[in-house]
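**Q** Residue numbers (the UniProt record's numbering): 1 to 268.
Glycine included, C-beta positions come from ideal geometry on N, C-alpha and C.
Written out as structure tokens, the structure reads:
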């Protein structure tokens, strides 16, 4: 698509692409990069609208394949198998990229991915409606430019009740500034044409990580994906919450590193 991708490139070895969550950025992977860089070339992408990666133009609804194009761009000229690690929205992007990359994917790690359109197709209407209520809240305020009014509900939903009130003012300002790309990301994960085979590969070793006490749409997605792809490995992470890759990397990173090591060892 010709977009210049803002990517942090560190280390050497089999490539691992890291895809961050909404309202975050590739900086969320600082600890995981330190964990992996001695064994892997780590490519931590800033998705559309984050860092210096250009924002989505908004001329049509964004789709996951639009974000997956960033993965193809950073892998251009890199040979051999690749691992993808994605969190939340980045997990949904990683799923789509893995389908598009096919046999090139040596491992896929999904940390509470959120392609919530699959809930509607599976008849999990209450969970889908809950996700869409937050979508409508964000997109409504996005249309009017009132991002500061969108932020408290978004923060409390994903970070936990009371998270917004507990934030210092500097963190609140940064949170509000990072929120606009999410308006378009909701279009991608609620795409009415999205089906399971568009985002759930069958050939790559895949690890699905979730907190059993996470928000309902993510919890039900994990149940749905585990049932639909029985070959995937599922790891429950008690107490981490949806934002565990940021707030509890001590819980998440050893699980990710061990899975990648086993996948690449098995392939060698």
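Can you tell me the Cα-Cα spacing of residue 66 and residue 92, whole angstroms?
**A** Computed Cα separation, rounded: 12 angstroms.
**Q** Does the Cβ-Cβ distance between residue 189 and residue 64 come in under 9 angstroms?
**A** Result yes, Cβ atoms of residue 189 and residue 64 sit closer than 9 angstroms.
**Q** With respect to the beta strand (DSSP E) encompassing residue 217, which residues constitute its N-terminal and C-terminal limits?
**A** Per DSSP, residue 217 belongs to no beta strand (DSSP E); it is in the alpha helix (DSSP H), 216-228.
**Q** What residues in its chain sit with their C-beta under 7 angstroms from that of residue 182, if we drop five residues either side in the sequence?
**A** 22, 23, 138.
**Q** Applying the 10 Å Cβ sphere with the 16-neighbour rule, what's the burial state of residue 121?
**A** Burial call: exposed.
**Q** So what does residue 85 bridge to, in DSSP terms?
**A** For residue 85, which the question treats as bridged, DSSP gives the partners 18, 109.
**Q** Here's a check: name, in chain order, each residue in its chain whose Cβ is nearer than 7 angstroms to the Cβ of residue 294, leaving out the five neighbours to either side.
**A** The first residue shown for the chain is 1 and the last is 268, placing residue 294 beyond what the model contains.
**Q** May I ask you to verify whether the segment 254-267 touches the segment 98-107, counting CB pairs closer than 8 angstroms and requiring at least 3?
**A** Yes: the two stretches touch, three or more of their Cβ pairs being nearer than 8 angstroms.
**Q** Residue 85 and residue 200: beta carbons closer than 9 angstroms?
**A** No. Outside cutoff.
**Q** Quick check on the DSSP output: the beta strand (DSSP E) that includes residue 210 runs from which residue to which?
**A** Residues 206-210.
**Q** Just to confirm, is the Cβ distance from residue 115 to residue 237 under 9 angstroms?
**A** No, these two residues do not count as a Cβ contact at 9 angstroms.
**Q** What does the alpha-carbon distance come out to for the pair residue 221 and residue 170?
**A** Their backbone Cα atoms lie some 33 angstroms apart in a straight line.
**Q** Residue 60: buried (16+ other C-beta within 10 angstroms of its C-beta) or exposed?
**A** Its Cβ having fewer than 16 others within 10 Å, residue 60 is exposed.
**Q** Only counting the same chain, and skipping five residues up and downstream in sequence, which positions put a Cβ closer than 6 angstroms to that of residue 41?
**A** So the qualifying residues of the chain are 11, 12, 13, 15.
**Q** Whole angstroms is fine: what's the gap from residue 209's alpha carbon to residue 77's?
**A** Approximately 30 angstroms, taken between the alpha carbons.
**Q** Can residue 179 and residue 242 be called in contact, C-beta distance under 9 angstroms?
**A** Contact flag unset, no.
**Q** Quick check on this structure: which residue in 96, 136, 101 has the alpha carbon closest to the alpha carbon of residue 118?
**A** Comparing Cα positions, the closest option is 96.
**Q** Measure the C-alpha to C-alpha separation of residue 166 and residue 157 and round it to an integer number of angstroms.
**A** So the two alpha carbons sit approximately 14 angstroms from each other.
**Q** Residues in its own chain within less than 6 angstroms of residue 153 by CB, not counting five upstream and five downstream?
**A** 137.
**Q** So, with DSSP's three-state summary, where would you put residue 11?
**A** Residue 11 falls in the strand class under three-state DSSP.
**Q** Just to confirm, are residue 35 and residue 205 a CB contact at a threshold of 9 angstroms?
**A** Cβ distance not < 9 angstroms, so residue 35 and residue 205 don't count as in contact.
**Q** Going by DSSP, what residues sit across from residue 45 in a beta bridge?
**A** In the DSSP output, where bridge partners are listed per residue, residue 45 has 7, 19.
**Q** In three-state terms, what does DSSP make of residue 260?
**A** Three-state result, residue 260: helix.
**Q** Thinking residue 196 and residue 124 are a contact (beta carbons under 8 angstroms), I'd like their distance in whole angstroms, please.
**A** The Cβ separation is near 13 angstroms, so there is no contact.
**Q** Using 9 angstroms as the threshold, is the C-beta distance between residue 176 and residue 147 below it?
**A** Yes, they are a contact pair.
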